[in-house]
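Remarks on the structure that follows.
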Amino acid sequence: MPPQSTRLTQSLVNSLTSGGKDRVRFWDAGVPGLILKVMGTGAKSYAVVYRDQTGRQREPNLGDARVLTLDQARKAALDVLSGVQMHGKDPVAERQARRKEAALRKEQTLAKLWHLYIEDCLKRRAESRNTLEQMSYRKHLEPFFGAMPVDEITLDQLAARLQQIVTQSGPAAANTALEVIRQMLNFAIQRGWTSNNVAAVLKPFPKVSRERVATEEELGEIWRALELSKRSGRSDSIACTLCLQLCLLTLQRRGEVAGIQFQEIDWKAKLWTIPGPRTKNKKGPHAVPLSDLAIEILKQAYAGRGSGFAFAGRNGEALDPHVPTRAFARLNASLGIDGLTVHDLRRTGATLLTSERLNVMGEIVSRILNHTPPGPAITQVYNRNTYLPQKRAALDAWAKEVERIGQ
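Read the sequence shown against this note's numbering and you will find it ends at 407, with the numbers running on by one and no gaps.
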């Protein structure tokens, strides 16, 4: 038997009560399917009744009768019924699907996305890039966005965080973090986690000259970790470790150190002569005095090789300079040191050499680093001084300083 209908009016809606019952339903005669629910508490709300495609009865709420007028409720009910009858819609099922999707979105956090993203990257990209991205994500992104659903990270939040990174770690670190989250959100779009990449509209920060210098504490941690690595590593990783130690002790460029050959070493004179073609400026041989500690490092490499390249790759050729770069990135990540590269060791050494403690003249440090001397070209032509004794004294002092810091 169909329910009894009532010709509802706005005044009637306002006056109806439950008559002492917990809930009473009044069916509207004006729009079949529209009902007014009156609760014992006095609360009133509208709903619409229909049957879905399977014949199951549905009863979605339309809203509070104190907010919706009767006319608005009738129009809303007609819209629902029209969609059901003409287009086979099911508002209840659609609402449930939206709630389920919203719940799923809440679980799709940046931290969960990261695990999927880096797993994908490990299959197809260079290890060094993955390592740098992991360092950036762990330090700059995860603590702030890791627990957030990907779809809820806003442009304003990301822009503010990047500005913090600029202040704390510099523009290069901020640009790395921006690139990481931009790639992650592109990956999220491909997986259907979001439809918008808020990082795509943000521009990188202007690059500035690198000024990163390791603190004494960082330098000590690095040296001790390298020493530990030599005692516990494989032969190929030991070669990489020795290469990094020699980079620090000689302050030469990573490519020059990675490609060192034993024939370039004068063991008796404790001198390493880098051939002109292997130097950056290509202007002739570069003489590098070797401290006792540097000689010890080279002897350890010699014991493992005996001839040829001091730090050879698996193919017997010179060690790829990117290998110690990747190893250094992994080492820093394990120590919690951010933003320090192999090349920064040169800047660190130059800074400490010219400090009050070691008090080496800038001219001598420049010669050690094999920088093009400042001043007129004619001066450079006539000044053929190699400053070898001064460079030796400086590098000997530097080796002792490294040992002191690394104790």
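Cβ coordinates follow ideal geometry from the N, Cα and C atoms, glycine included. Here the structure is a predicted model, which means the values were calculated and not measured.
Output the distance between the C-alpha atoms of residue i and residue j, rounded to the nearest integer angstrom.
i: Leu62; j: Ser18; result: 19 Å
i: Phe26; j: Ala76; result: 17 Å
i: Ala177; j: Ala43; result: 52 Å
i: Gln380; j: Glu119; result: Interpretation of Gln380 is limited by its pLDDT of 44, a score under 50 that renders its predicted location unreliable; no figure is taken from the coordinates.
i: Ala123; j: Val180; result: Per the sequence presented here, residue 123 reads as Lys, with Ala not at that position. Roughly 17 Å between the two C-alpha positions.
i: Trp223; j: Ile265; result: 24 Å
i: Val150; j: Arg161; result: 15 Å
i: Thr69; j: Gln10; result: 7 Å
i: Arg346; j: Asn196; result: 43 Å
i: Met135; j: Leu141; result: 10 Å
i: Cys247; j: Leu116; result: 36 Å
i: Gly255; j: Ala312; result: 12 Å
i: Gln96; j: Pro171; result: 45 Å
i: Lys106; j: Gln163; result: 26 Å
i: Val80; j: Arg98; result: 17 Å
i: Ala93; j: Ser5; result: 27 Å
i: Arg231; j: Gln157; result: 46 Å
i: Glu216; j: Trp267; result: 30 Å
i: Arg384; j: Leu353; result: Below a pLDDT of 50, predicted positions are generally treated as unreliable, and Arg384, at 48, falls in that range; no measurement from the model is reported.
i: Ala173; j: Ile153; result: 20 Å
i: Gly308; j: Ile295; result: 16 Å
Alpha carbons only, please: which of the options is nearest the one belonging to residue i?
i: Asp71; options: Gly30, Lys280, Thr241; result: Gly30
i: His322; options: Ile405, Leu244, Pro389; result: Leu244
i: Leu251; options: Leu110, Ala394, Leu331, Arg278; result: Ala394
i: Asp344; options: Ala214, Phe311, Leu81; result: Ala214
i: Ile165; options: Asn186, Val342, Pro143; result: Pro143
i: Pro389; options: Arg367, Ala310, Pro91, Phe262; result: Arg367
i: Pro3; options: Gly55, Glu296, Ala159, Pro32; result: Pro32
i: Lys108; options: Ile295, Met184, Trp267, Val48; result: It is worth fixing the name first, because residue 108 is Gln in this sequence and not Lys. It is Met184 whose Cα lies nearest to the Cα of Gln108.
i: Glu356; options: Ser169, Arg191, Glu401; result: Glu401
i: Glu227; options: Ser15, Arg7, Glu403, Thr41; result: Glu403
Looking at the unbroken beta strand (DSSP E) that takes in residue i, where does it start and where does it end?
i: Leu62; result: 61-64
i: Trp409; result: The chain is shown from 1 up to 407; residue 409 falls before or after that span and cannot be answered.
i: Asp28; result: 23-28
i: Thr489; result: What the structure shows of the chain is the stretch from 1 to 407, and residue 489 is not part of that stretch, so it cannot be assessed.
Answer yes or no: do residue i and residue j have a C-beta to C-beta separation smaller than 8 Å?
i: Gln358; j: Leu293; result: Before going on, a small fix: residue 358 reads as Leu here, not Gln. Contact: no.
i: Ala258; j: Ala318; result: yes
i: Leu242; j: Ala301; result: yes
i: Gly88; j: Gln53; result: yes
i: Lys414; j: Gly276; result: This structure cannot settle anything about residue 414, because the visible part of the chain is limited to 1 through 407.
i: Val13; j: Leu36; result: yes
i: Leu110; j: Met148; result: yes
i: Arg58; j: Tyr46; result: no
i: Asn370; j: Thr279; result: yes
i: Pro204; j: Asn186; result: no
i: Gly220; j: Gly406; result: yes
i: Gln261; j: Ala310; result: yes
i: Asp28; j: Met39; result: no
i: Asn315; j: Thr372; result: no
i: Ala225; j: Leu331; result: yes
i: Glu218; j: Leu298; result: no
Where do the N-terminal and C-terminal ends of the alpha helix (DSSP H) with residue i fall, by residue?
i: His87; result: 70-87
i: Leu155; result: 155-169
i: Tyr117; result: 110-124
i: Ala409; result: Only positions 1 to 407 of the chain appear in this structure, which leaves residue 409 out of reach.
i: Leu12; result: 10-15
i: Ile260; result: Here Ile260 belongs to no alpha helix (DSSP H), and DSSP marks it neither H nor E.
i: Val365; result: 362-369
i: Trp193; result: Run containing Trp193: none; DSSP gives neither H nor E here.
Would residue i count as contacting chain E if we go by Cβ distances under 8 Å?
i: Arg51; result: Annotation note: the requested chain E is absent from the structure, which comprises a single protein chain.
Compute the minimum distance between the beta carbon of residue i and the heavy atoms of the ligand FAD, and state whether it is under 7 Å.
i: Pro3; result: By its list of ligands, the structure shown contains no ligand whatsoever, and the ligand FAD lies outside what it can speak to.
Is the stretch 324-334 touching the stretch 279-288, taking contact as three or more C-beta pairs under 8 Å?
no
Is there contact here, the stretch 355-366 with the stretch 328-345, by at least three beta-carbon pairs under 8 Å?
no
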